Each structure stands twice: as C-alpha cells, then as structure tokens.
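Each remark here refers to the structure printed beneath this line.
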Amino acid sequence: MMVVGLTGGIGSGKTTVAGFFKKLDIPVYIADEAGKRLMANSLKIREEIISIFGESSYSGNTPQRKFIASKVFSDERLLDKLNRIIHPAVEEDFKLWLQRQNTAYVIYEAAILFEKGGYKKCDLNILVTAPLELRIKRLQKRDNSSRDEIQQRMDNQWSDEKKSQLADFIINNEDLADTKLQVEHIHFEILKAGKNS
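Residue 31 in full-length UniProt numbering sits at position 31 of the sequence shown; the count goes up by one each step and never skips.
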C-alpha cells in the first residue's frame with residue numbers, strides 16, 4: 001500500500017483537498033488532528049508538555065493550544081521541543097492506523113511534511129498551493145487571526161517554491177470545481193503508479 005504525502009502552506013486548503021480524496025474512498029490521516037487527540041488523551045504527552053510549558057498549558061485534560069502556540073511561535077527552541085514530543089507519537093499512531101487500512105494508497109496530510117523530512121517516508125507527495133492574498137483572507141475568516149499573526153505562522157513554513165521542488169504533484173487550489181478535477185486526475189495517476197511499481 002502506497003503512502004501519499006499531502007501538504008501545503010497554511011491557508012492553502014489542504015483540508016479541502018483531503019476531503020476530495022475521502023470522497024474517492026481514499027483513507028486520509030490528518031497529522032494535526034492526531035496530534036491534538038494525542039495531546040488530549042496521552043498522560044505521558046501531557047506530563048512532558050507541562051514540564052516544558054508549565055501548568056498553564058493544560059486545563060484538566062484539555063491542552064491550552066492558544067497558550068502553547070503563543071510560546072512556540074516566537075521561540076524556535078520551544079517549538080523544537082514540542083515537535084520532539086508530538087511527532088514521534090503521531091508517527092507511531094499513524095503506523096497503527098495504516099495497519100487497519102486496505103486500499104491501493106492512503107493520504108498522510110501534514111503541515112510541515114517537507115520541513116521535517118517526513119516526505120521521505122512517503123511514496124509520492126502532493127503540494128497544495130494558493131495565492132498569498134487568498135490564503136490570508138481564508139485564515140482571517142477561519143481563525144479571526146490578524147495579518148501579523150498569519151505572517152508569523154507563514155514564516156515558520158517553507159515557501160511554495162522550495163516545497164514544489166520536492167513535490168510529485170502540485171494542486172493549485174483557487175477554484176473548488178477545478179481543484180476537484182485536479183484531485184481526480186492525480187488519483188488516477190497514483191493508481192497507475194501503484195500498478196507499475
């Protein structure tokens with residue numbers, strides 16, 4: 001079974017694209033959602049995060065994601081520490097999830113697939129792109145974030161130009177109907193690649 005990585009800058013519409021693959025009956029694993037679930041449910045992770053960020057990082061079993069985000073976005077060292085806790089746990093969770101799937105391929109969706117080298121573990125990789133202004137508008141609408149907050153988050157990710165050099169497929173996500181067609185085309189290309197490998 002092939003693992004196809006799916007990534008894109010913040011606000012590019014990875015989740016929308018993942019939804020189109022789901023409609024084609026392709027299982028999708030969303031690393032960020034898994035990370036949130038593990039942060040909430042794993043006692044080991046909770047203890048490790050509290051040891052770094054203090055008691056304010058949790059309210060009962062609920063991770064205070066805004067508080068943690070405010071700490072890591074301005075401090076690369078803290079972001080690295082957080083990633084060292086979350087990423088191995090997500091990787092383990094993904095392996096267990098993968099064993100339960102039975103399709104030609106699965107989608108592994110992660111925000112920093114290229115930045116952290118995760119793309120090397122995938123058979124093929126898809127990059128979702130969208131014009132900068134459109135991405136900013138989407139994020140302002142979705143998160144009520146200010147332009148500065150959005151820019152700060154974007155600065156933590158590689159540029160589309162850099163990522164596109166490592167991608168096997170690129171989806172330009174501006175027009176939904178067109179995006180859906182691009183997904184269907186890539187779906188058949190992946191199935192073809194699987195048969196030929």
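Ideal Cβ placement from N, Cα and C applies to all residues, glycine included. Note that this is a predicted model, so its numbers are computed, not measured.
Let me know the secondary structure DSSP gives G118 once reduced to three states.
-> Of the three classes helix, strand and coil, the one that applies to G118 here is helix, per DSSP.
In whole angstroms, what separates the C-alpha of K120 from that of I86?
-> Counting only the Cα atoms, I86 lies some 19 Å from K120.
Enumerated in chain order, which unbroken segments of the beta strand (DSSP E) with a length of 3 residues or greater are wholly contained in the segment 26-84?
-> The DSSP assignment places 28-30 as complete runs of the beta strand (DSSP E) inside the segment 26-84, in order along the chain (cut-off: 3 residues).
If I10 sits next to R147, beta carbons under 8 Å apart, how far is it from one beta carbon to the other, in whole angstroms?
-> Contact doesn't hold; Cβ gap of about 13 Å is too wide.
Cα-Cα separation, S164 to T129 = Inter-residue distance for S164 and T129 is about 9 Å (C-alpha atoms, whole angstroms).
Helix, strand or coil: how does DSSP classify G9 here?
-> Residue state, collapsed to three classes: coil.
Note down, in chain order, each residue of its chain lying with its Cβ closer than 8 Å to the Cβ of H187, except the 5 sequence neighbours on either side.
-> These residues qualify, in order along the chain: F21, L24, I26.
Other residues of its chain near V72: CB distance less than 6 Å, five sequence neighbours each side excluded | Hits under 6 Å: L78, L79, L82.
L113 - DSSP class collapsed to helix/strand/coil = Reduced to three states, the DSSP call for L113 is coil.
Neighbour-count burial assignment, N125, 16 or more Cβ in a 10 Å radius = By the neighbour-count criterion, in which a residue is buried when 16 or more other Cβ atoms sit within 10 angstroms of its Cβ, N125 is buried.
Beta strand (DSSP E) containing T129: first to last residue?
-> That run of the beta strand (DSSP E) goes 124-129.
How many angstroms separate the CA atom of I170 from the CA atom of E161?
-> Distance between the alpha carbons of I170 and E161: 11 Å.
Exposed unless 16 or more other CB atoms sit within 10 angstroms - verdict on P88 | With fewer than 16 other Cβ atoms within 10 Å, it is exposed.
CB-CB under 6 Å to A31, same chain, minus the five flanking residues each way: which ones, in chain order?
-> Result list for A31: V90, A110, in chain order.
Residue from G35, N61, I150 whose Cα sits closest to the Cα of E92 = Shortest Cα-Cα distance from E92 to any of G35, N61, I150 involves G35.
Going by DSSP, which residues form a beta bridge with F169?
-> I126, per the DSSP bridge assignment.
In or out: R65 buried (at least 16 other Cβ within 10 Å) or exposed?
-> Residue environment for R65: exposed (fewer than 16 other C-beta atoms within 10 angstroms of its C-beta).
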